[in-house]
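Per the numbering used here: the sequence shown = residues 144 to 271. Written out below as structure tokens is the structure these notes cover.
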Amino acid sequence: MKKIILFLALGLGVSQLAGGTALADTAGPMGNWARGDGVTKVKVAPCGENICATNTWIKPGVKNEKTGDVLVMTLKPEDKATYKGTAFDPQRNMNFRMTLSVKGDSMTTRGCVLGGIVCKSVSWARIN
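This is the structure we're talking about:
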């Protein structure tokens, strides 16, 4: 359980969209993001028909995460700024439900496991 919570806390619940063109046509979540607590930075970009969040930097000393880890998301637009669906973490062979919301240079990801019993939200800031 601690590993699941750590994963959700790292906020790698950000990555692949089915019908990725909906996101690719707008700035939306595409780009570079820093997690609100300063622990990780990710690049969100199209990968196949989805989008992926790839760790580009991890704060020294953080265990169970490394640069290059990828999160694959299959999301559909709920409205102009919100996407919902699922995410897959290949490093942990784990699936979870995900909601991603973008407003300007701020993004929030919310990942849930165990049928929605355990959820974690993470805030992100867009970086260059």
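Virtual Cβ for every residue (Gly too), placed ideally from N, Cα, C.
Taking the Cα positions, ASN175 is about 19 Å away from ASP232. Taking each of GLY259, LYS263, THR225 and VAL256 in turn and checking the Cα distance to SER249, the smallest one comes out for THR225. DSSP lists no beta-bridge partner residue for ALA224. Per the DSSP secondary-structure output, ASN238 pairs in a beta bridge with PHE231.
Listed in chain order, the non-local C-beta contacts of ALA188 below 7 Å within the same chain comprise MET173, ILE194 and CYS195, local neighbours out to five positions each way being set aside.
Beta bridge pairing from DSSP links PRO203 with no other residue.
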